[in-house]
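Protein chains: 2
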Amino acid sequence: MPEFLAGTSPAAPTSLLRKADLHASVSDPVLDTMNFLNEVTHRYPDAISFAPGRPYDGFFDSEQIFTHIRRYLDHLVEQGASVEDVRTAMYQYGPTAGQIREIIGDSLRADENTDVPAESVVVTVGAQEAMLLVLRALISGPDDVLLVASPCYVGITGAARLLDVRLRAVEEREDGLSCTDLEKAIVEEQALGRRPKACYVVPDHSNPSGTTMSARTRAELLELATRHDILIIEDSPYRRVSPGSPLPTLKSLDRDRRVVHLGSFSKTIFPGARVGFAVADQLVVDEAGRTTLLADELAKIKSMVTVNTSSLSQAAVAGALLAAEGRVSQLNARAAAYYGDALKATLRSLDAHLPARRREALGVRWNEPTGGFFLTVHVPFRADNPALTRSAQEFGVIWTPMSYFYPEEGGHHAIRLSTSYLTPMEIDEGTARFAHFVESESKSS
Amino acid sequence: MPEFLAGTSPAAPTSLLRKADLHASVSDPVLDTMNFLNEVTHRYPDAISFAPGRPYDGFFDSEQIFTHIRRYLDHLVEQGASVEDVRTAMYQYGPTAGQIREIIGDSLRADENTDVPAESVVVTVGAQEAMLLVLRALISGPDDVLLVASPCYVGITGAARLLDVRLRAVEEREDGLSCTDLEKAIVEEQALGRRPKACYVVPDHSNPSGTTMSARTRAELLELATRHDILIIEDSPYRRVSPGSPLPTLKSLDRDRRVVHLGSFSKTIFPGARVGFAVADQLVVDEAGRTTLLADELAKIKSMVTVNTSSLSQAAVAGALLAAEGRVSQLNARAAAYYGDALKATLRSLDAHLPARRREALGVRWNEPTGGFFLTVHVPFRADNPALTRSAQEFGVIWTPMSYFYPEEGGHHAIRLSTSYLTPMEIDEGTARFAHFVESESKSS
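In order, the protein sequences belong to chains A and B.
With this note's numbering, letter number 89 in the first sequence gets 110, and the count goes up by one each step, no holes.
With this note's numbering, letter number 200 in the second sequence gets 221, and the count goes up by one each step, no holes.
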């Protein structure tokens, strides 16, 4: 530190900021743990990593960017845009709610049996910004509560921390979130004089646990939302990069506008574009009885966050969608098969290295997701940072402690394995190494 | 409203959201007034509008997008990137703090006499996201205060409202913000037991007033910031789209890291890219004495807002910068001259239609900015929405009431004219119409 200050004036010490004086969001423990994970990954470059939840980029080709954007520009011209119109669409400030809302609406009709007006779609800088906008709109004070499953995707808990949103975590069961547990939490919060406003769920191949919500639970959840007058925030980035045909989205089953659906193109088109969206067709009524759509209110908030979403990114995503008549499913047929195979290969290889008998004896078990990027392995030992370090150092394999994804305490004996980013060979070798690690830790525990 | 509900189920009414239950940011009066302005503009399509603060897009050409991106990809290859590296850089999740920090750092060295490590730069989705990140980092509780000039850019007050940040507005004088007034406000806030954390300023050709901070005031402001241990948030989107050579940025004069500099490429490259940045080289020290850069903390917050900035947008901006060896000034030589001429033409034409004697008699005056997009006209009548409607309807000219830009009450007798988006002919005709409107209102008042 001294050498830092050497260059600056005597007054410099006063320009030191105390971290304790900054907002709590910069001290988010999740970020520190993620940092630790990055350090371990950096320290053991030869370790095989089941940690990153990234799409496999072997299918990408940089030239596609130009094709995608060109296709969208041609589309604008086909729609009757002049050279000046196209120029303005690409260069100028764009509409806050987005310029490709119709194309996204068409895609939802083509793939998701969801027919909503373009006006209810807000294009966002990835689903992350959509989470921030929805939380900011719905949570207006310290007594408002957001319900989340535990374990939970860190993007939503991060956005909540940024906005000082009160969270109520509902522990998942082996097969995912239970409506009984959720209702109990809602009633308890209400009894405490709080207002449960919404519940965030990842119904398909959840991150981190890999669980998928059954058709029955989906129906129960919608009924529960109506009964307790809360909204469901549905986030489903993995359903179109998974094999087979997924269950209907909550939004497609939504009969009274209970569901705010968040969309992401990071897994289905590409992450670098940073394009997602929110479908928010809820009616908002003011004192004068005037109604707007929740989407209109989200757009207002967006104007204070990013103003609008990159026109280049919207063009690239729209170009890709136009190439498949909006069918994200069709765009991802090859990717979905690839990810499905990776998951199956991992499960097969785990079973080969830790057969049923053996893992029972050790007290090890895992779930068997039918899609998505993740699975959960339950272990008899504490799957914490020291264990992760031993795993990387002595066994050459990296994974994510499930406890990272618990808003409160929990998950100390579970591990998240991500299978999306690895080649078949890496999966084979990686699971072998992982099995050795688990054997060794289980014995020693 | 009834027909809205017709389509939905009996339970639907409960799915109506009351606007009063949403966060206050959706009821931001600024947004309503901006809406009114848009409606007026829409209602009177033949009116000439001095309202939009947009760059003139006559210089743009859609093909440039492809050239810019291609140039950046070639640059990566020249730097030794493999085909896979380039693919990953464009398609995959990128570093949260940005992938073009070095190129932005080089640009600051080339143009702004500012030499900061790339690590202190965070690439953001426009300067708007940078404002949100900086406010979120610095304002940790209800007693923390952000000081702003009044009138003030709505982007910062919007971000403050979104985060429930306490504002203290300091009224500008004719020649801009006075350090005496600012210090008085700081001392008053401290006396109230609050913590003034930072002051947001637009030193060059401010939006909305058009004032520029003198060299002397810049020095005083930095000294004041050190004396009262606050940070200066410097936002200067107009300095490189203005004729002549600007005064040094506050950041370039900053000797003890008092200044967080916000950058925007919306005026200098193009708005649709949505690329801006923050330079935050302040040291942050935690309880254990470990130091980080404020930029590191901003990146953490960004991971909860947008994860990272579009790689396509970063590529396009980097490509444009590389084409001019980072000299934004060189990229904008033609634009700066154009905007300068537009401003001069407006002032000349105003003077022709309302000569000194005449405007004195009426009680009308205006400032004479040397650059930027805006100027202020003081009028003897209330320049409110009804006046704006009369102006559009009867005189065919649109402008922005300065009161829109006052965080508290004020500006009721001032008007913002924006000259950036009009052609010389429109300026000529528009100022003539504006003069007639002012004449008529001044007499009737």
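No residue lacks a Cβ here, since even glycine has one placed at the ideal position from N, Cα and C.
Item                                                                                                                            : Value
Identity of the residue in 403/A, 377/A, 448/A nearest residue 463/A by Cα                                                      : 403/A
Three-state secondary structure (DSSP) of residue 198/B                                                                         : coil
Status (buried if at least 16 other CB within 10 Å, exposed otherwise) for residue 59/B                                         : exposed
Residue span of the alpha helix (DSSP H) that contains residue 273/A, given as start and end                                    : 271-274
Chain-ordered neighbours of residue 316/A on chain B, where CB pairs are closer than 7 Å                                        : The premise fails here: residue 316/A is roughly 12 Å from chain B at the closest Cβ pair, so nothing lies under 7 Å.
Residue of 411/A, 63/A, 448/A minimising C-alpha distance to residue 459/A                                                      : 411/A
Where residue 284/A sits in the DSSP three-state scheme                                                                         : strand
Endpoints, beta strand (DSSP E) assigned at residue 218/B                                                                       : 216-222
Contact with chain A by residue 377/B, beta-carbon distance below 7 Å                                                           : no
Any chain B beta carbon closer than 7 Å to residue 256/A                                                                        : no
For residue 73/B and residue 52/B, the rounded distance between their alpha carbons                                             : 15 Å
The stretch 311-330 of chain A in contact with the stretch 107-124 of chain A per 3-pair CB rule at 8 Å                         : yes
Where the beta strand (DSSP E) through residue 297/B begins and ends                                                            : 297-300
CB of residue 259/A within 7 Å of CB of residue 393/A, strictly                                                                 : yes
Residue range of the beta strand (DSSP E) that includes residue 145/A                                                           : 142-145
Within chain B, the residues that residue 306/A reaches when beta carbons sit closer than 9 Å                                   : 22, 37, 38, 39, 40
Contact under 7 Å by Cβ, residue 203/A with residue 46/A                                                                        : no
Short-range partners of chain A found in the stretch 263-282 of chain B, where Cβ spacing is below 7 Å                          : 276, 277, 278, 279
Cβ neighbours of residue 243/A in the same chain (closer than 8 Å, five flanking residues each side left out)                   : 253, 271, 274, 275, 276, 279, 280
Residue-level contact to chain D via CB, residue 157/B, 7 Å cutoff                                                              : Of the protein chains in this structure, namely A and B, none is chain D.
Distance between residue 143/B and residue 133/A (C-alpha atoms, nearest Å)                                                     : 37 Å
Cα-Cα separation between residue 294/A and residue 294/B, rounded to whole angstroms                                            : 11 Å
Interface residues of chain A facing residue 288/B [CB-CB closer than 7 Å]                                                      : Result: empty, since nearest Cβ-Cβ is about 11 Å, beyond 7 Å.
Cβ of residue 421/B within 7 Å of any chain A Cβ                                                                                : no
Sheet register partners of residue 472/B (DSSP bridge)                                                                          : Since the first and last residues shown for chain B are 22 and 466, residue 472/B lies out of range.
Chain-ordered neighbours of residue 47/A on chain B, where CB pairs are closer than 7 Å                                         : 158, 318, 321, 322
Option in 429/A, 222/A, 440/A, 318/A with minimal Cα separation from residue 356/A                                              : 440/A
Reduced DSSP category for residue 132/A - H, G, I as helix; E, B as strand; rest coil                                           : helix
Alpha carbon of residue 405/A to alpha carbon of residue 455/A, nearest angstrom                                                : 15 Å
Validate contact between the stretch 328-335 of chain B and the stretch 328-338 of chain A using beta carbons, cut 8 Å, 3 pairs : yes
Where residue 292/B meets chain A, residues with beta-carbon distance less than 9 Å                                             : 112, 113, 114, 115, 328, 329, 332
Whole-angstrom C-beta distance between residue 229/B and residue 168/B, which should lie under 8 Å                              : At roughly 17 Å, the Cβ-Cβ gap does not stay under 8 Å, so residue 168/B and residue 229/B are not in contact.
Backbone CA spacing between residue 226/B and residue 395/B [nearest angstrom]                                                  : 7 Å
C-alpha distance - residue 166/A paired with residue 180/A, whole-angstrom precision                                            : 13 Å
Residue 32/B in three-state terms, based on DSSP                                                                                : The predicted model places residue 32/B with a pLDDT of 43, which falls under 50 and marks its position as unreliable; any figure quoted below should be read in that light. Note: residue 32/B maps to coil in three-state DSSP.
Proximity below 7 Å, CB of residue 141/A to CB of residue 314/A                                                                 : yes
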